[in-house]
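What follows is a single structure, written as structure tokens, with notes after it.
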Amino acid sequence: MNGTGHIGTEIETWYGPEAVEHRTPESLFERRWALSVLEQVMTKLRLELAPKGKGHFDRLVGFLQGDPMGVRYEAVAGEMGVSAGALRTMVHRMRRKYRDLLRAEIAETVSTPEEIDEEIRFLFSSLSAR
144 MNGTGHIGTE IETWYGPEAV EHRTPESLFE RRWALSVLEQ VMTKLRLELA
194 PKGKGHFDRL VGFLQGDPMG VRYEAVAGEM GVSAGALRTM VHRMRRKYRD
244 LLRAEIAETV STPEEIDEEI RFLFSSLSAR
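In terms of the working numbering, the sequence shown has 204 at position 61, counting the first letter as 1, and numbering is strictly consecutive.
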């Protein structure tokens, strides 16, 4: 995953392809908005963590949604030359940073802090709505 072009593709892969024929124009717009927000967050995450991560960012990003493709922590940890516990800590920190960046991104689009969680729920419902 080099640059940001692949990030959008990866985000779309995580949330499935657009089923345009089953969506209203409004729900299609909302889905594209949600994907755009997640892509922006992923770009910010990459810019923040990649320079610090000794080249591990691309290996870790797959764990944002759980165990990627059934790959076990132990296998990836071995490839990275770290312990499974250290890998779990890195993944935990990356998830926390992703969550913080998502909240900050959403905070820029709402009027009050109380609306952040509601908007995040709406964002993810826009991705899953068929």
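No residue lacks a Cβ here, since even glycine has one placed at the ideal position from N, Cα and C.
**Message:** Could you compute how far the alpha carbon of Leu192 sits from the alpha carbon of Val184?
**Reply:** 12 Å
**Message:** Counting C-beta neighbours from all protein chains within 10 Å, is the total for Leu181 16 or more, i.e. buried, or is it exposed?
**Reply:** buried
**Message:** Less than 8 Å between the beta carbons of Leu203 and Lys240, yes or no?
**Reply:** no
**Asked** Could you give the distance in angstroms between the alpha-carbon of Arg264 and the alpha-carbon of Glu169?
**Response** 17 Å
**Request:** With DSSP as the reference, label Gly228 as helix, strand or coil.
**Result:** helix
**Prompt:** Tell me which same chain residues have a C-beta within less than 6 Å of the C-beta of Ala227, skipping the five on either side of it?
**Reply:** Tyr216, Glu217 and Ala220
**Item:** Where Val253 sits in the DSSP three-state scheme
**Value:** coil
**Message:** Using only the alpha-carbon positions, how far apart do Lys195 and Leu207 sit?
**Reply:** 17 Å
**Asked** Does DSSP put His165 in a helix, a strand or coil?
**Response** helix
**Request:** Can you give me the start and stop residues for the alpha helix (DSSP H) that Phe206 sits inside?
**Result:** Careful: Phe206 lies outside any alpha helix (DSSP H) and carries neither H nor E.
**Request:** Please list, in chain order, all residues of the same chain as Phe267 whose beta carbon is under 8 Å from its beta carbon, the five residues on each side excluded.
**Result:** Ala177
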